[in-house]
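Enquirer: Chains as they are written, first to last, in our numbering: chain A, 726 to 975; chain B, 21 to 305. Attaching a single structure in structure tokens format; questions to follow.
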């Protein structure tokens, strides 16, 4: 697994210049946090890495995003294959309206895997990795909606892990969760970074401080500062970063 | 009288006006059903349902019309669901949003309001004459499908729109193609309300007589249809036929036929309400 590289990336939604000339190198097997006030472009930037912005009307992008040395915006790139490598967890838990089992198996089934024994195994290992197995092992046939919000979010992570990604993008994954569920989720992220490269958008400064190795601060579509989390929180170079992190605006 | 008492009075007046209007519709329906039942119920028996049409009112039955109606329902479901649902999926999920799709959208909504006899004339010109299908069940069901396809398209689009975007995103993020996302996630999630809409459209369609008279549903068919190419008659047409006879006994037959037709319509509506409730209980976003 290699770095994720953004080279001179610009994004427009119609006339709105959402990302302004951002270049950034994201290190493998680390947690990189993207922070900044609402509307600063951090979610848009995150969604560039699995091309989830492609479906937004009048989205336009310039520059390159390199994953494993391939520009993923090259016309020859297969978006579906890319998204298997680069998984995503969303802001609000979004389980499918099916059983817990089917939620996790879906990603494998659409790739044509139908052998029950293999599916069973993948479902179990994925749920174990997401630290959800013990809570749901007796109710795999139950609707995913019967789970609590925090469990649903871990189910969504298990679902993502099942297709064996290398990178996991998380778009404010804890914003809809209570403190206990949030802390479970953070412990999980800490475990996952041993095997996956994680990029996480968060509104919560303490969370960024607790879980990330690198932090990038976005403001008005620009990458203002990007450094190790420790440095960013203790001695940021830019005044804007300091003001945001200490809560003076944002 | 001061202002606030006057306002109160207006309020009350409208309340009673509203109650009156609501009950007007209900009372009319109740009176109608009561009269029909009074006249038709004594005539309604198993023989009436299983007898072929006849010149003698006491021997005449609705067998051919009932079987014709079932055939018509069956064929119409096949044509209208296939075409309507796929057109709805296309418009909602595939079509580029622009002036052209806007134009299509407006025209489809307009089609919903086109009088049914116009569809009949279209069916006569195109299916019966141009394609040479004649007065067959096939031509009739295609015409009836045209009538309800716009409704099904609109229903399908609305149902797909009601499925949260997050479901779609979740599937895409796992590497699903658009087809897989629609087929495996969005359609199953929307199917409850699509089915409800389709059934309501069908309930309307089986009561239609006007377009089918034009495309050649016959008033007298002494046998039941065996293939889609056969001649046919239908309940509404049989009823229409009987009511236009001079003998009072045929009026009784017509009432009995109306009871059967009402029963079918209410049954379809009931099924759709049942499915809607079941569906709403199952999924909470």
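Glycine is no exception: its CB is placed at the ideal position from the N, C-alpha and C atoms.
Leaving out five residues on either side along the sequence, give the residues of the same chain with a beta carbon under 7 angstroms from the beta carbon of residue 137/B.
Expert: Around residue 137/B: 230, 231 and 234.
Enquirer: By the 8 angstroms beta-carbon criterion, what residues does the stretch 189-217 of chain B contribute toward chain A?
Expert: Against chain A - using a Cβ distance shorter than 8 angstroms - the residues of the stretch 189-217 of chain B are 189, 190, 191, 192, 193, 194, 195, 196, 197, 200, 204, 205, 208 and 209.
Enquirer: Pick from 932/A, 966/A, 830/A and 942/A: whose alpha carbon is nearest that of residue 848/A?
Expert: It is 830/A whose Cα lies nearest to the Cα of residue 848/A.
Enquirer: Output the distance between the C-alpha atoms of residue 962/A and residue 950/A, rounded to the nearest integer angstrom.
Expert: Each residue's alpha carbon lies about 8 angstroms from the other.
Enquirer: Would the beta-carbon of residue 686/A fall within 7 angstroms of that of residue 729/A?
Expert: A question about residue 686/A goes unanswered here, because the residues of chain A that appear run from 726 up to 975.
Enquirer: Would residue 977/A pass as an interface residue toward chain B - the criterion being a Cβ-Cβ separation below 7 angstroms?
Expert: Lying outside 726 to 975, the shown extent of chain A, residue 977/A is not represented and no answer is given.
Enquirer: In this structure, how does DSSP classify residue 863/A when only helix, strand and coil are distinguished?
Expert: In this structure, residue 863/A counts as coil in the three-state DSSP scheme.
Enquirer: Exposed or buried, residue 192/B, counting other C-beta atoms within 10 Å across all chains shown (16 or more means buried)?
Expert: Buried, because 16 or more other Cβ atoms sit within 10 Å of the Cβ of residue 192/B.
Enquirer: On the three-state DSSP scale, how would you describe residue 291/B?
Expert: Residue state, collapsed to three classes: helix.
Enquirer: Here's the rule I'm using: 16 or more other beta-carbon atoms within 10 Å means buried, otherwise exposed. How should residue 190/B be labelled?
Expert: The residue is buried, with at least 16 neighbouring Cβ atoms inside 10 Å.
Enquirer: Can you tell me which of the three DSSP states residue 942/A falls into?
Expert: Residue 942/A falls in the strand class under three-state DSSP.
Enquirer: Whether or not the stretch 254-272 of chain B and the stretch 68-77 of chain B are in contact is what I'm after, with contact meaning three or more pairs of Cβ atoms, one per stretch, closer than 8 angstroms; do they touch?
Expert: Touching, yes, given that three or more Cβ pairs across the two stretches are closer than 8 angstroms.
Enquirer: Name the DSSP beta bridge partners of residue 741/A, please?
Expert: 738/A, per the DSSP bridge assignment.
Enquirer: Please state if the CB of residue 880/A and the CB of residue 813/A are separated by a distance shorter than 7 angstroms.
Expert: Cβ atoms of residue 813/A and residue 880/A: not closer than 7 angstroms.
Enquirer: Label residue 240/B either buried or exposed according to how many other C-beta atoms from any shown protein chain fall within 10 Å of its C-beta, with 16 as the threshold for buried.
Expert: Residue 240/B is exposed by the Cβ-count criterion.
Enquirer: Within 10 Å of its beta-carbon, does residue 837/A have 16 or more other beta-carbons around it, so buried, or fewer, so exposed?
Expert: Its Cβ having fewer than 16 others within 10 Å, residue 837/A is exposed.
Enquirer: In the DSSP output, what is residue 918/A paired with across the bridge?
Expert: In DSSP, residue 918/A forms no bridge with anything.
Enquirer: For the stretch 111-122 of chain B, enumerate the residues whose C-beta is nearer than 7 angstroms to any C-beta of chain A, in chain order.
Expert: Listed by position, the residues of the stretch 111-122 of chain B near chain A (Cβ gap below 7 angstroms) are 117.
Enquirer: Taking the CB atoms as reference points, tell me whether residue 932/A and residue 953/A lie closer together than 7 angstroms.
Expert: No, the pair does not count as a contact, with Cβ atoms beyond the cut-off.
Enquirer: Counting Cβ pairs closer than 8 angstroms, one from the stretch 98-116 of chain B and one from the stretch 140-147 of chain B, do we hit at least three?
Expert: The answer is no - the stretch 140-147 of chain B does not touch the stretch 98-116 of chain B, with fewer than three Cβ pairs under 8 angstroms.
Enquirer: Using a Cβ-Cβ cutoff of less than 7 angstroms, which residues in the same chain neighbour residue 984/A once the five nearest sequence positions on both sides are dropped?
Expert: Here chain A comprises residues numbered 726 to 975, so residue 984/A is not present and cannot be evaluated.
Enquirer: Can you have a look at residue 35/B and say buried or exposed, based on whether 16 or more other CB atoms are within 10 angstroms of its CB?
Expert: It counts as exposed.
Enquirer: Using beta carbons (cut-off 7 angstroms, strictly below), is residue 888/A in contact with chain B?
Expert: Yes, residue 888/A counts as interfacial toward chain B.
Enquirer: At what residue ranges does the stretch 794-837 of chain A contain a whole run of the alpha helix (DSSP H), taking only runs of 4 or more?
Expert: Within the stretch 794-837 of chain A, the complete alpha helix (DSSP H) runs of at least 4 residues are 804-810 and 825-834.
Enquirer: Nearest CA to the CA of residue 289/B: which residue from 257/B, 277/B, 268/B and 220/B?
Expert: Residue 289/B has its Cα closest to that of 220/B, out of 257/B, 277/B, 268/B and 220/B.
Enquirer: Any chance you could list the alpha helix (DSSP H) runs of at least 4 consecutive residues sitting entirely within the stretch 103-183 of chain B, in chain order?
Expert: Segments of the alpha helix (DSSP H) lying fully in the stretch 103-183 of chain B: 119-132, 136-143 and 157-182.
Enquirer: Alpha carbon to alpha carbon, how far is residue 172/B from residue 46/B?
Expert: C-alpha separation (whole angstroms): 28 angstroms.
Enquirer: Is residue 751/A helix, strand or coil when you go by DSSP?
Expert: Strand at residue 751/A.
Enquirer: Which one of 786/A, 907/A and 828/A has the shortest CA to CA distance from residue 733/A?
Expert: Nearest option by C-alpha distance: 786/A.
Enquirer: So is residue 30/B in contact with chain A if we call contact Cβ pairs under 7 angstroms?
Expert: Closer than 7 angstroms: no.
Enquirer: In chain order, what residues of the same chain lie with their CB nearer than 7 angstroms to the CB of residue 161/B, ignoring the 5 residues before and after it?
Expert: Excluding sequence neighbours, residue 161/B sits near 92, 95, 96 and 99.
Enquirer: For residue 791/A, which residues in the same chain have their Cβ closer than 6 angstroms to its Cβ, ignoring the five residues on either side in sequence?
Expert: Taken in chain order, the residues that qualify are 730.
Enquirer: Suppose the cutoff is 7 angstroms on Cβ atoms and the five residues either side in sequence are ignored; what does the same chain contact list for residue 153/B look like?
Expert: Result list for residue 153/B: 147 and 159, in chain order.
Enquirer: So if DSSP puts residue 947/A in a beta bridge, which residue, or which two residues, is it bridged to?
Expert: 944/A, per the DSSP bridge assignment.
Enquirer: In chain order, what are the residue ranges of uninterrupted alpha helix (DSSP H) at least 4 long that sit wholly in the stretch 247-288 of chain B?
Expert: Counting only runs of 4 or more, we get 255-263.
Enquirer: Taking Cβ-Cβ distances shorter than 8 angstroms, what residues in chain B pair up with residue 782/A?
Expert: Chain B residues near residue 782/A: 117.
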